[in-house]
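Reading through the structure tokens given below for one structure.
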Amino acid sequence: MIKIKKNMVGFSLIELVIFIVIIGIAVSSVFLSLSTALQKTSLVNPQTTAIELASARMDIILGQRRINGFQSFYDLCSINPPVCTVAPGIAGYTISSTISKYTVGNDSNYKIIDVLVTGPQNSRANLKTMVAEY
Numbered sequence: 068m069i070k071i072k073k074n075m076v077g078f079s080l081i082e083l084v085i086f087i088v089i090i091g092i093a094v095s096s097v098f099l100s101l102s103t104a105l106q107k108t109s110l111v112n113p114q115t116t117a118i119e120l121a122s123a124r125m126d127i128i129l130g131q132r133r134i135n136g137f138q139s140f141y142d143l144c145s146i147n148p149p150v151c152t153v154a155p156g157i158a159g160y161t162i163s164s165t166i167s168k169y170t171v172g173n174d175s176n177y178k179i180i181d182v183l184v185t186g187p188q189n190s191r192a193n194l195k196t197m198v199a200e201y
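To convert a position in the sequence shown, counted from 1, into this note's numbering, add 67.
In structure tokens form, the structure reads like this:
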């Protein structure tokens, strides 16, 4: 004679399928709302772009200084015609740089590099560094 257990423990196949369907609907609705939110936002923050442009310009100035010797000091992007340009996909940004003499105590062998980037949505980045001329 076969004994039948009265207290069976666990889930049936139908309960498991219903659970999977409910979770699938919930997850798809979350992904749909995230997709809609991402489509309505801008892809890149203008402030982040301004900071990256300023950092790239500073790297160009410091890099050419290392290549040409530490006495040579100028911005390759400010000469005519400029050696570097902003990528075509990046519009609305203005990049300027100044290199000025600086004195520490009695030593005037220093320069201040100031890179300023302004862009859309009032984005602004201003990087400064002090460099010795030797």
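Ideal placement from N, C-alpha and C gives every residue a C-beta, glycine not left out.
Only residues of its own chain outside the window of five on either side were considered, and among them 183 have a CB closer than 6 Å to the CB of residue 163, listed in chain order. Here the C-alpha atom of residue 170 lies approximately 16 Å from the C-alpha atom of residue 181. For the pair residue 116 and residue 186, the CB atoms are nearer than the 8 Å cut-off. Residue 201 is not a Cβ neighbour of residue 173, given a cutoff of 8 Å.
For residue 126, the uninterrupted alpha helix (DSSP H) segment begins and ends at 113 to 135. Of all alpha-carbon atoms in 133, 87 and 144, the one lying nearest the alpha-carbon of residue 121 is that of 144. A distance below 8 Å between beta-carbons, with the five flanking residues on each side excluded, links residue 189 to no residue of its chain. Check the Cα spacing between residue 141 and each of 92, 105 and 128: the tightest is with 128.
For residue 88, the enclosing alpha helix (DSSP H) has its first and last residue at 80 to 106. Listed in chain order, the non-local C-beta contacts of residue 147 below 8 Å within the same chain number zero, local neighbours out to five positions each way being set aside. DSSP, read as helix, strand or coil, puts residue 193 in strand.
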